[in-house]
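One structure is given below, encoded as structure tokens.
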Amino acid sequence: MTGKVSESAAAAVAGITSGSSLAVGGFGLCGIPDALIAALEEAGVDELEVFSNNCGVDDHGLGILLSAGRIRRVTASYVGENKEFARQYLAGELEVELTPQGTLAERLRAGGAGVPAFFTPAGVGTPISDGGMPWRYGHDGSVAIASPPKETRVFGTKRYVLEEAINADYALVHAAIGDTDGNLVFDKTAMNFNPLAAMAGKVTIAQVETLVEPGEIDPAHVHLPGVFVQRIVHTGPQNKRIEKRTVRAEGRPS
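Residue numbers for the sequence shown follow the numbering used here, beginning at 450 and rising by one.
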């Protein structure tokens with residue numbers, strides 16, 4: 450490793466140990482740090498706690514860690530594309546905290562900004578605020594761990610629920626362009642969760658498609674300052690996957 454630059458994805462994730470918590474960027478299969486996830490799977494670490502919008506699909510993204518039984522707990526807002534996720538959750542093998550997507554984004558941002566908690570109207574009057582959501586099932590199908598009720602408070606005439614910030618041991622993110630100082634530029638939808646996940650990690654590791662020298666990125670185009678990034682690795686262009694392929698029947702008008 451020279452400065453912040455790691456020689457490989459394996460070198461970049463070195464030091465991540467079993468039981469670590471990870472904030473992972475990406476939205477669906479867009480902008481996911483796939484090379485870093487694959488390197489982490491090869492490293493053999495387990496008992497991971499993951500904060501991410503979703504958990505990939507069965508054979509790609511975080512799904513490969515999940516299928517290998519490396520993830521202990523997931524905080525996410527959408528998990529509908531992963532059959533193994535559903536199986537593990539219902540079988541009592543995986544602890545799951547579901548949270549509204551906007552709330553998850555703000556919890557990550559708050560963690561990076563040093564804000565310990567915030568009030569939001571999202572989830573008021575539902576099990577999100579009232580408690581009772583199954584976090585983990587028992588092997589007999591009973592609820593082993595349920596979510597606790599959260600503090601609510603009225604501001605003006607509206608009730609809000611208190612949500613705590615997310616701080617993770619590590620963050621794994623993907624960027625289109627990065628410089629050797631760690632300044633990052635994200636592409637389109639990859640902007641959704643990558644910058645927020647990067648802010649929430651105590652040690653943030655970025656894989657980039659294009660690595661340049663400091664000064665080659667226009668400061669006005671930097672989406673995430675290098676102060677949030679501790680390690681960076683050049684992985685080249687991604688082999689982008691399509692999460693859902695939709696086609697029309699042959700001969701029918703589009």
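The beta-carbon is built from N, C-alpha and C at its ideal position, and this holds for glycine as well.
In its chain, beyond the 5 residues on either side, G580, M582, W584 have a beta carbon closer than 6 Å to the beta carbon of S596. Shown here, A620 sits in a strand according to DSSP, grouped into three states. Minimum Cα-Cα distance from K599 among the listed residues F567, D628, T629 corresponds to F567. Here the C-alpha atom of R602 lies approximately 5 Å from the C-alpha atom of R608. A Cβ-Cβ contact shorter than 8 Å links A525 with N503.
Taking the Cα of F476 as reference, the smallest distance to any Cα among D636, V545, L543 is reached at D636. Within the DSSP secondary-structure output, R585 pairs in a beta bridge with I594. 8 Å or more divides the Cβ of S457 from the Cβ of R680. A614 places its beta carbon 8 Å or farther from that of G650. The beta carbon of Y586 sits closer than 8 Å to the beta carbons of Y538, L539, A540, G541, V592, A593 from its chain, once the five residues preceding and following it are set aside; these are given in chain order. For E491, the uninterrupted alpha helix (DSSP H) run begins and ends at 483-492, by DSSP. Taking every protein chain shown into account, the CB of H588 has fewer than 16 other CB atoms within 10 angstroms, so this residue is exposed. In this structure the segment 626-646 lies against the segment 666-685, because at least three pairs of beta carbons, one per stretch, are closer than 8 Å.
Excluding the 5 residues flanking it on each side, P686 has same chain C-beta neighbours closer than 8 Å at E658, in chain order. No residue range can be given for I465, since it is assigned to no beta strand (DSSP E) and is classified by DSSP as neither H nor E. The secondary-structure analysis by DSSP pairs Q656 across a beta bridge with H623, V682. Nearest to T684 by alpha-carbon distance, out of F534, V499, V678, A487, is A487.
Around E491, the same chain offers A459 as residues with beta carbons nearer than 8 Å, after the five sequence neighbours per side are excluded.
Residues of the same chain with their beta carbon placed closer than 6 Å to that of R536 are lacking, with the five preceding and five following residues left out of the count. Under the three-state reduction of DSSP output, K607 falls in the strand class. An exposed status is given to N688, since fewer than 16 other beta-carbon atoms sit within 10 Å of its beta-carbon.
Under the 10 Å beta carbon count, G631 is surrounded by 16 or more other beta carbons and is classified as buried. Comparing alpha carbon positions, the residue from G574, L511, P482 closest to E530 is L511. DSSP places K651 within a strand segment (E or B) once states are collapsed to three.
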